[in-house]
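The sequence shown begins at 779 in our numbering and counts up by one.
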Amino acid sequence: MNRFHGILAAGLLASSAISLQAQLPSASARAFGMANNYTAAANGYDAVAWNPAALAMPDRPFFSLNLLSTGAVTGLDPVSLGDINGYSGQLIPTAVKESWLQKIGTGRERGRADGGVSLLALNVGSVGFQIGTSAAGIANLNQDASEAILFGNAGRTGTAKDFQFAGSSASGSSFVTGALSYAMPLPFNPLSMLGEHLALGVTAKYVNGGAIVRAQ
């Protein structure tokens, strides 16, 4: 291998296996089961969202197809979803709501939700295609904003008061994404003696925004 090939191989190794899931929903239940640590394990139609280079790996299926796969990830902190779910269908006691406000203190109640529907994902050989719709939202609420949600505009005392929402924010967006991926094995592979394979994958995306909301 000449010096040029050595430099190029090092550069490709340094930049390989970068997840391309941004704006494109995962089509894989296995990815959710692995807490989305799926870049190296993606195969077949999964590779479009996670790692297009996998479309050129020797163990990839020649054809795979997925229709209408859905998934979502959400979380709250420091008052967690588990805290809230414990009172599902019940009136939350005032003392409990007060303890939640103490948890938030001078910080922020942070929440995030990401979800999507993969309408169609497939691969034929080294070519992959996926179309899906995604939505995401994030919120940061100070104690006053959290108090207004938990107790209403009368606050925790039952007497109307002014609230200061400074530092609170919320935003959300939705969009539709189509993606086309292609991969090819590299003609030089310094790791072939170890039974390893190198491939280069690329993905082209078309993103169409549906809605955006921001409050601050």
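C-beta atoms are modelled at their ideal positions from N, C-alpha and C, and glycine is treated no differently.
As assigned by DSSP and simplified to three states, the class of residue i
i: Gln-921; result: helix
i: Asn-863; result: helix
i: Arg-992; result: strand
i: Ser-797; result: Residue confidence is low: Ser-797 scores 38 on pLDDT, short of 50, so the model does not pin down where it sits. Its coordinate-derived value is still stated next. Correct three-state label for Ser-797: coil.
i: Gly-936; result: coil
i: Leu-846; result: strand
i: Gln-880; result: helix
i: Phe-841; result: strand
i: Gly-903; result: coil
i: Ala-982; result: strand
i: Ala-948; result: strand
i: Gly-987; result: strand
With 16 other Cβ atoms within 10 Å as the buried cut-off, status of residue i
i: Ala-977; result: buried
i: Tyr-865; result: exposed
i: Arg-838; result: buried
i: Tyr-816; result: buried
i: Leu-869; result: exposed
i: Gly-853; result: exposed
i: Arg-886; result: buried
i: Ile-927; result: exposed
i: Trp-878; result: buried
Residue nearest to residue i in terms of C-alpha spacing, selected from the options
i: Gly-889; options: Ser-858, Pro-803, Ala-989, Leu-928; result: Ser-858
i: Ala-891; options: Asn-863, Ile-927, Val-851; result: Val-851
i: Leu-845; options: Ala-993, Gly-867, Glu-925, Ala-805; result: Ala-805
i: Ala-818; options: Gly-811, Trp-828, Phe-810; result: Trp-828
i: Ala-913; options: Asp-824, Gly-883, Thr-848, Gly-893; result: Gly-893
i: Asn-814; options: Gly-822, Thr-981, Gly-849; result: Gly-849
i: Ser-959; options: Val-980, Ser-946, Asp-940; result: Val-980
i: Gly-988; options: Gly-883, Pro-963, Phe-953, Gln-994; result: Phe-953
Residue i vs residue j beta-carbon contact at 8 Å
i: Ala-961; j: Ala-820; result: no
i: Leu-897; j: Gly-910; result: yes
i: Phe-943; j: Asn-918; result: no
i: Val-874; j: Ala-957; result: no
i: Ala-938; j: Ala-932; result: yes
i: Ser-842; j: Leu-900; result: yes
i: His-975; j: Met-812; result: no
i: Val-985; j: Ser-949; result: no
i: Tyr-823; j: Gln-908; result: yes
i: Ser-947; j: Ala-982; result: no
i: Phe-810; j: Gly-903; result: no
Which residues DSSP lists as bridging residue i, in chain order
i: Leu-854; result: Gly-889
i: Gln-868; result: Answer is none; Gln-868 lacks a bridge partner.
i: Pro-963; result: Ala-977
i: Gly-910; result: Ser-896, Thr-955
i: Ile-916; result: Arg-890, Ser-949
Heavy atom of the ligand FMN within 7 Å of residue i beta-carbon
i: Lys-881; result: Although the ligand FMN was asked about, the structure shown includes no ligands whatsoever.
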